[in-house]
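Asker: My questions all concern the structure below.
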Amino acid sequence: MIITEWGWMEADPSGEQTYLVGSQKSYGEPFMEYLEQREISWVACWYDDEWKPTLFETGFENPTNPGKFVLQALSTYSHSGDRP
Numbered sequence: 003m004i005i006t007e008w009g010w011m012e013a014d015p016s017g018e019q020t021y022l023v024g025s026q027k028s029y030g031e032p033f034m035e036y037l038e039q040r041e042i043s044w045v046a047c048w049y050d051d052e053w054k055p056t057l058f059e060t061g062f063e064n065p066t067n068p069g070k071f072v073l074q075a076l077s078t079y080s081h082s083g084d085r086p
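Residue numbering for the sequence shown follows the numbering used here, beginning at 3 and increasing consecutively.
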């Protein structure tokens, strides 16, 4: 099984996508724990700097906080040879 297109953003100033608002503590960590306990693979949303929720700031220079979380999770798996 694989979960696709998951993610969150820390704020929604436009008020258009409030359902995406969360944090690493309230969403990222519990969600990752859920997936790990069930050995479910995952693909994060989006490798983009505009499409919400973004993993990078405009220009792809720096990851957003959710992007940092995803990159850290991926680096954990890349060293272990395990999934996502």
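Even for Gly, the Cβ is constructed at its ideal location relative to N, Cα and C.
Under the three-state reduction of DSSP, which class applies to A46: helix, strand or coil?
Answerer: Against the sequence shown, residue 46 aligns to sequence position 44. Note: A46 maps to strand in three-state DSSP.
Asker: Taking Cβ to Cβ, would you say L22 is nearer than 8 angstroms to K70?
Answerer: Position 20 of the sequence shown, counted from the first residue, corresponds to residue 22. Position 68 of the sequence shown, counted from the first residue, corresponds to residue 70. Not closer than 8 angstroms, so no.
Asker: For the alpha helix (DSSP H) holding E35, just list the boundary residues, first then last.
Answerer: The residue labelled residue 35 in the question sits at position 33 within the sequence shown. It spans 31 to 39 - the alpha helix (DSSP H) in which E35 sits, taken as one unbroken run.
Asker: Classify L76 as buried or exposed, calling it buried when 16 or more other Cβ atoms lie within 10 Å of its own Cβ.
Answerer: Position 74 of the sequence shown, counting from 1, holds the residue named residue 76. So L76 ends up on the exposed side.
Asker: Going by DSSP in three states, E15 sits in which element: helix, strand or coil?
Answerer: As a first step, residue 15 is located in the sequence shown; it is residue number 13 there, counting from the start. The sequence shown places Pro at residue 15, rather than the Glu named in the question. In the structure shown, P15 sits in coil (DSSP, three-state: anything other than H, G, I, E or B).
Asker: Relative to the C-alpha of S25, which residue among N67, E38, P15, W48 is closest?
Answerer: The count along the sequence shown starts at 1 and reaches residue 25 at position 23. Out of N67, E38, P15, W48, N67 has the C-alpha closest to the C-alpha of S25.
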